[in-house]
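In terms of mature numbering (1 follows the signal peptide of the UniProt record, and there is no 0), the sequence shown is residues -22 to -1, 1 to 471. The C-beta atom is built at its ideal place from N, Cα and C for all residues, glycine as well. Please read the structure below before turning to the comments.
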Amino acid sequence: MMQPSSALLLVASLLAASSVNADGLYTKKSPVLQVTQKTYDQLIANSNYTSSHRQASKTYAHYSRFYAPWCGHCQNLKPAYEKAAKNLEGLAKVAAVNCDDDANKPLCGRMGVQGFPTLKIFTPSKKPGKPKVEDYQGARSAKAIVDAVVDRIPNHVKRVTDKDLDQWLSEDKEAPKAVLFTEKGTTSALLKAVAIEFLGSIKVGQIRNKESNAVEKFGVKEFPTLVLVPGGDKEPIIYDGELKKQAIVKFLSQVAAPNADSAPASTNAKSSKTTKSVKSSKSSTILNEEAENLKPTESPDPKVVPDDATESKPAQVPIQAPPIPVLPTAEELEAACLKPTSGTCVLALLPEPREADADVPGPAKEALTSLSEIAHKHAQRKSKLFPFYSIPAINSGAKTLRAGLGLPEDQISVEIIALNGRRGWWRRYDASEAQDYGAVSVEAWIDAIRLGEGSKSKLPDGVIVEQKEEGDKVAKNDADKEADKEKGDHDEL
């Protein structure tokens, strides 16, 4: 049985006063979905669609607000909340729950709602109906909410290369497949969502533009291009429509139906209703008692950040990515990256400043900024990434390294390289004539290294520093230990 993919529920808990209708903040035309005690299981907990021959699921995020007119923070969050819902359309759902409604109090009590607003993320687990719940601690802006959801969308897209294309196509040959040809090394949220939409019926792959054999095989002329392989002996179909989820889903639906939003109603619902009534009535009583003890309080300063803040509002102070570490001496460079045991390092070899005390030239500054932003992003996500270092021109080891790798020794331009002493390879970032050191291009290059894509060059002899001196020190220490043994253990108690 196929493992269900993760779905997301971001619950913004805002308690509503009893005099206000549940639709007081969000109308029927609002992109924010209304969730109640009755609809929670169907829309959130049991959002996986299951059929007799496969199990598949969609990925959504539901932002549920339990609101109160007296809660200023809740009112302030509404614009960002609705904007996030609109931006996540087709990728996630954003919902609201009214905790003041007596019917919803058991749900609010179960979720541990105490302060307002409260944001939670629900991720379905392997056990149906028992999602994993985590608190959302990010900024209260549409962008931050959207980013949190997109980062958690599971990836069911297969990365395909020239080497394994034929094997991938031959797997379940009768089953349809969809392939996106792209210049990007990362998988977009849109393609992830499409893969989830057809999980279990259409296999989705992604091929880089550099895979020349695959590009030629399907006659792809521009990027991005989506190709549908219907299966069997049918000819591939190139999609020429708009690259939007709804349009793509309609195009792919000619070979398979998309998965449903949630599990269909059971045919024996009536018979099971009686057996469940006793348990549900008992649990409902307990939950209602817990909910009655809830005291509506407004969370202190939830830091709602409007995305369209004007001059009259406090300006957002962007979080600056810290600069990457600097290795100013040859000894530090050798210790960090040029030993036989060194792992992968990314080095920015900086040019000499044109004047004393002058800043590095524009391209070098852009390269350093891009590397610091990429490193900071991975640090925020707590994902593993090899170290980045800045090597100034005053480091004598920089010129030696340039010479050893056959790079220009004039030190008038920045060079970004990656090398691995333990495995004996290195790669150079090609900025082309356009001198592109932007974060997008640099990150695509780094992603290729992380994924083992692209060719690597063998490190020339002499680049990696032999550890002769260190070996001599070890030998000397061993000799000293032998001498100490001859003296006896007089220093020990």
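Candidates the options, of which the one nearest residue i by Cα
i, options, result
"residue 106", "419, 73, 21, 231", "21"
"residue 133", "123, 122, 126, 164", "164"
"residue 385", "19, 201, 97, 405", "405"
"residue 162", "319, 324, 191, 423", "423"
"residue 438", "139, 397, 348", "397"
"residue 321", "365, 345, 327", "365"
"residue 317", "307, 51, 400, 205", "400"
"residue 131", "89, 69, 146", "69"
"residue 118", "96, 224, 390", "96"
"residue 232", "195, 306, 156", "156"
"residue 100", "82, 83, 51, 73", "73"
"residue 351", "324, 299, 330, 5", "299"
"residue 211", "147, 175, 198", "147"
"residue 222", "120, 203, 90, 77", "203"
"residue 186", "176, 136, 224", "136"
"residue 410", "355, 393, 90, 403", "393"
"residue 370", "355, 391, 383", "391"
"residue 403", "310, 319, 79", "319"
"residue 344", "309, 323, 301", "301"
"residue 238", "174, 218, 189, 209", "174"
Residue i to residue j span [Cα, whole Å]
i, j, result
"residue 142", "residue 229", "26 Å"
"residue 214", "residue 158", "12 Å"
"residue 178", "residue 235", "10 Å"
"residue 71", "residue 407", "40 Å"
"residue 7", "residue 139", "44 Å"
"residue 417", "residue 348", "4 Å"
"residue 472", "residue 61", "Because the chain in this structure spans residues -22 to 471, residue 472 falls outside the shown range and cannot be described."
"residue 193", "residue 205", "11 Å"
"residue 19", "residue 216", "39 Å"
"residue 419", "residue 444", "34 Å"
"residue 171", "residue 55", "26 Å"
"residue 415", "residue 367", "16 Å"
"residue 129", "residue 388", "42 Å"
"residue 83", "residue 14", "10 Å"
"residue 200", "residue 167", "21 Å"
"residue 220", "residue 197", "19 Å"
"residue 361", "residue 331", "34 Å"
"residue 338", "residue 326", "12 Å"
"residue 359", "residue 353", "10 Å"
"residue 341", "residue 315", "24 Å"
"residue 306", "residue 430", "30 Å"
"residue 276", "residue 92", "The predicted position of residue 276 is uncertain, since its pLDDT is 48 and thus under 50; a value taken from the coordinates is nonetheless stated next. For residue 276 and residue 92, the distance between alpha carbons rounds to 9 Å."
"residue 182", "residue 58", "33 Å"
"residue 90", "residue 104", "23 Å"
"residue 255", "residue 11", "Unreliable placement is indicated for residue 255, whose pLDDT of 43 sits below 50; the coordinate value is still reported in the next sentence. Computed Cα separation, rounded: 28 Å."
"residue 51", "residue 9", "20 Å"
"residue 176", "residue 328", "48 Å"
"residue 395", "residue 180", "39 Å"
"residue 79", "residue 145", "56 Å"
Per-residue burial, residue i [other beta carbons within 10 Å of its own, 16 or more giving buried]
i, result
"residue 226", "buried"
"residue 87", "buried"
"residue 373", "buried"
"residue 169", "buried"
"residue 303", "exposed"
"residue 313", "exposed"
"residue 357", "exposed"
"residue 98", "buried"
"residue 440", "exposed"
"residue 76", "buried"
"residue 224", "exposed"
"residue 191", "exposed"
"residue 184", "buried"
"residue 81", "exposed"
Per-residue DSSP class, three states only, for residue i
i, result
"residue 448", "For residue 448, the pLDDT reaches just 47, beneath the cut-off of 50, and the residue's location in the model is therefore unreliable, although a value from the coordinates is still provided. It is helical."
"residue 28", "In this prediction, residue 28 has a pLDDT of 26, which is less than 50 and means its spatial position is unreliable; nothing more can be read from the coordinates."
"residue 235", "coil"
"residue 385", "coil"
"residue 176", "coil"
"residue 418", "helix"
"residue 66", "coil"
"residue 205", "strand"
"residue 360", "coil"
"residue 184", "strand"
"residue 124", "helix"
"residue 401", "coil"
"residue 396", "strand"
"residue 338", "coil"
Problem - Segment contact, 8 Å Cβ cut-off, at least three pairs: the segment 419 to 437 with the segment 371 to 379 - result: no
Practice task
Could you tell me whether the segment 112 to 122 touches the segment 145 to 163, using the rule of 3 or more Cβ pairs below 8 Å?
Solution key: no
Exercise for the section: Would you check if there are 3 or more beta carbon pairs closer than 8 Å linking the segment 121 to 140 to the segment 52 to 70? Expected result: yes
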